[in-house]
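Just so we're aligned, residue 12 is where the sequence shown starts under the numbering used here, counting upward by one. Quick reminder that beta carbons are idealized off the backbone N, C-alpha and C, glycines included.
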Amino acid sequence: MADWTEKYRPSTLSEVRGNDKARDELRKWAETWDDHREAAIVHGSPGVGKTSAAHALANDMNWPVMELNASDSRTADDIKRFAGRASQNQTLGGADGRQLLVVDEADNFHGNSDYGGSREVTRIVKEANQPMVLIANEFYDMSNSLRNACREIEFRDVSRRSIVPVLRDICRQEGIEYEDDALDEIASETSGDLRSAVNDLQALAERNQRLTVDDVVTGERDRTEGIFDFLDDVIKHNSAEEALYASYDVDETPDDLLNWVEDNVPKDYRGDELADAYGFLANADRWLGRVRATQDYSFWRYATDNVAAGVAAARRHDHGGWTRYGPPSYWSKLGRSKATRNRRDAIARKIAEKGGFSMGTARREVMPFLAEMTHHCKPRELTIRMTMVYDLDASDVSFVTGSGEDTNKVQGIVDEAQERRNDAVVDNAGGAFAQFESDGEAATDDEAAANGETTADDADDDGQRTLGGPAADPDDPSPADTDTETDETDDGQSGLDDWV
């Protein structure tokens, strides 16, 4: 049987159920695209019709569609090859030479972890010569620069009263008998997810000749409930194969599944079975490390195999009863340490920019040595030089050295480092300030000459008077002459005579 979500996908925007305001905004965006030339971010919960609306819009505008899924193509090279080429294409056969580029799951770009995919799609969005629609579940998971470069259009959860007519229409076209209360129950349990409602209707119709309220037993789609059921299946009940199949129905990444299982499996497993379970989890972590290193997400399946099937296969005893499972403690630790990690990364960025290496190198190979060498700001001179070179403030120095940020010791080091930076600026400017002073003196002498006054140099040349001394008599050596000879001798000792 064909998938009803595809079979009954709306072909025009007028057929999109619910979200009338967002649908009208999307149409207006497309019709005025030549005026603003912005990309659009269509975001909202899964199953509310975002992708369907984008394709329906393309049909209305007579635009061919090129679709890219960010989960499959995450690197800058992928984006350049597909999205870049399509966004610049002016020779296609759509209306006015336009085509619609749809980037699905656009919130799956995560900056550096995607080797520049997020930056590249932001660049293309700003330079695109074709209309682009980015589909996202989590709007704020996207980078600020990408969000700011696009027009935001939010699709909200579809109301029950908008879902029921869709289900009723499908039943009539498929020749299915139903109770109105059964359709109401399906719409209520799917929590605004129209796609899930259609899937549930199809699943029920395949088993029953007539739909009644008693037949409507659909699965709860709350993620927290889903993951707890999965933990029960893996740790207590299912075989390795059944546990693996159960993992396919959980809306969690392999990284998150690993964290859930790792934190909760010790609550039931003991001894050798716990050791074996951790062995499989270690294998999963290696595969996830390979994913992070290569960006090849096909390795995810091997991580899931170890987390689900491996942990289930490690079970050697029956574990009945109820166990209080909880979210991974790793997440709460991340939350508590967020400020610390942000401070560490800010310092690492300063060190990396000064040293010309990566932030990772600064964190792993430079900061530990600096912390050890300047522990509690000792030696003081080295701490001052570190503060000066990397332009650290009081909170930075406190973090690296382990000293209190508000202490006089730390503040004194920061102040002295700032004074040395200021002195270094003046010293490095050298000749410019010297020339300025020389020009100033020359200007003073010129002004004096113009006014008919005698300058100090003129007085010396005329043999009349030295600065601050009595009149000179050429026949009678005076203290003034002795002073002059002493000055000349000092100049010789300073090395200026050799330089001349």
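Where the beta strand (DSSP E) containing residue i begins and where it ends
{"i": "Arg158", "result": "Note, Arg158: premise wrong, no beta strand (DSSP E); alpha helix (DSSP H) at 155-159."}
{"i": "Val144", "result": "143-147"}
{"i": "Asn140", "result": "No beta strand (DSSP E) holds Asn140; DSSP gives it neither H nor E."}
{"i": "Val76", "result": "76-80"}
Own chain partners of residue i with C-beta closer than 7 Å, once the 5 adjacent residues on each side are dropped
{"i": "Met370", "result": "Asp356, Ala359, Arg360, Ala363"}
{"i": "Ser250", "result": "Ala323"}
{"i": "Glu149", "result": "Asp118"}
{"i": "Lys18", "result": "none"}
{"i": "Thr334", "result": "Lys278, Asp279"}
{"i": "Leu194", "result": "Val175, Leu178, Arg179"}
{"i": "Trp44", "result": "Pro142"}
Integer Cβ distance of residue i from residue j, believed to fall under 8 Å
{"i": "Leu222", "j": "Tyr256", "result": "In fact, because the Cβ distance is near 27 Å, the residues do not count as touching under 8 Å."}
{"i": "Gly246", "j": "Glu263", "result": "Residue identity check: residue 246 is Ile in the sequence provided, not Gly. The pair is not a contact, with the Cβ atoms about 15 Å apart (cut-off 8 Å)."}
{"i": "Val276", "j": "Leu268", "result": "About 12 Å; that fails the 8 Å criterion."}
{"i": "Asn70", "j": "Thr23", "result": "6 Å"}
{"i": "Thr398", "j": "Ala435", "result": "About 13 Å separates the two Cβ atoms, so there is no contact after all."}
{"i": "Thr16", "j": "Val209", "result": "5 Å"}
{"i": "Arg5", "j": "Ser63", "result": "Residue coverage of the chain in this structure runs from 12 to 511, which leaves residue 5 outside it and unanswerable."}
{"i": "Leu111", "j": "Val76", "result": "5 Å"}
{"i": "Ala173", "j": "Gly58", "result": "Checking the displayed sequence, the identity of residue 173 turns out to be Ser instead of Ala. Actually they are not in contact, since the Cβ atoms of Ser173 and Gly58 sit about 13 Å apart, beyond 8 Å."}
{"i": "Arg167", "j": "Gly55", "result": "6 Å"}
{"i": "Val400", "j": "Lys365", "result": "6 Å"}
{"i": "Ile187", "j": "Ala216", "result": "5 Å"}
{"i": "Glu196", "j": "Val224", "result": "6 Å"}
{"i": "Glu26", "j": "Ala51", "result": "About 20 Å separates the two Cβ atoms, so there is no contact after all."}
{"i": "Pro392", "j": "Ala405", "result": "Note that residue 392 is Glu in the sequence shown here, rather than Pro. Going by Cβ atoms, the distance from Glu392 to Ala405 rounds to 18 Å, so no, they are not a contact pair."}
Terminal residues of the alpha helix (DSSP H) in which residue i lies
{"i": "Asp266", "result": "265-275"}
{"i": "Ala41", "result": "31-42"}
{"i": "Ala50", "result": "Counting along the chain, Ala50 falls outside any alpha helix (DSSP H), though it belongs to the beta strand (DSSP E) covering 50-54."}
{"i": "Asn294", "result": "282-305"}
{"i": "Leu24", "result": "From DSSP, Leu24 is part of no alpha helix (DSSP H); its letter is neither H nor E."}
{"i": "Lys61", "result": "61-72"}
{"i": "Ala405", "result": "405-412"}
{"i": "Ile362", "result": "349-366"}
{"i": "Lys18", "result": "15-18"}
{"i": "Val400", "result": "391-401"}
{"i": "Ile238", "result": "234-243"}
{"i": "Tyr313", "result": "311-315"}
{"i": "Pro379", "result": "378-384"}
{"i": "Glu252", "result": "251-259"}
In DSSP terms, what residue i is bridged to
{"i": "Val113", "result": "Glu78, Val144"}
{"i": "Ile164", "result": "Val53"}
{"i": "Arg221", "result": "Glu188"}
Sequence-distant residues of the same chain with beta carbon closer than 8 Å to residue i, five excluded per side
{"i": "Cys388", "result": "Thr394, Val408, Thr412, Ser414, Lys420, Val421, Ile424"}
{"i": "Gly337", "result": "Asp274, Asn275"}
{"i": "Ser340", "result": "Asp274"}
{"i": "Thr315", "result": "Leu255, Ser258, Pro265, Leu268, Ala295"}
{"i": "His386", "result": "Thr412, Gly413"}
Same chain, Cβ closer than 6 Å to residue i, five either side skipped, listed in chain order
{"i": "Ala65", "result": "Val113, Val144"}
{"i": "Arg327", "result": "Glu284"}
{"i": "Asn568", "result": "Residue 568 lies beyond the range of the chain shown here (12 to 511); nothing can be said about it."}
{"i": "Tyr280", "result": "Ala288"}
{"i": "Leu157", "result": "Thr133"}
{"i": "Arg513", "result": "In this structure the chain extends from 12 to 511, so residue 513 is not present and cannot be described."}
{"i": "Ala319", "result": "Val245, Ala254, Leu255, Ser258"}
{"i": "Leu242", "result": "Asn275, Tyr336"}
{"i": "Arg431", "result": "Met399"}
* Validate contact between the region 107-121 and the region 138-155 using beta carbons, cut 8 Å, 3 pairs -> yes
* Asked: Hey, is the region 371-384 in contact with the region 309-317, meaning 3+ C-beta pairs nearer than 8 Å?
  -> Touching, no, given that fewer than three Cβ pairs across the two stretches are closer than 8 Å.
* To do: Decide yes or no for the touch test of the region 35-50 against the region 157-171: beta carbon pairs closer than 8 Å, at least 3 of them.
  => yes
* To do: Kindly confirm or deny that the region 176-190 and the region 202-217 touch, where touching means at least three C-beta pairs closer than 8 Å.
  => Result yes; three or more Cβ-Cβ pairs closer than 8 Å.
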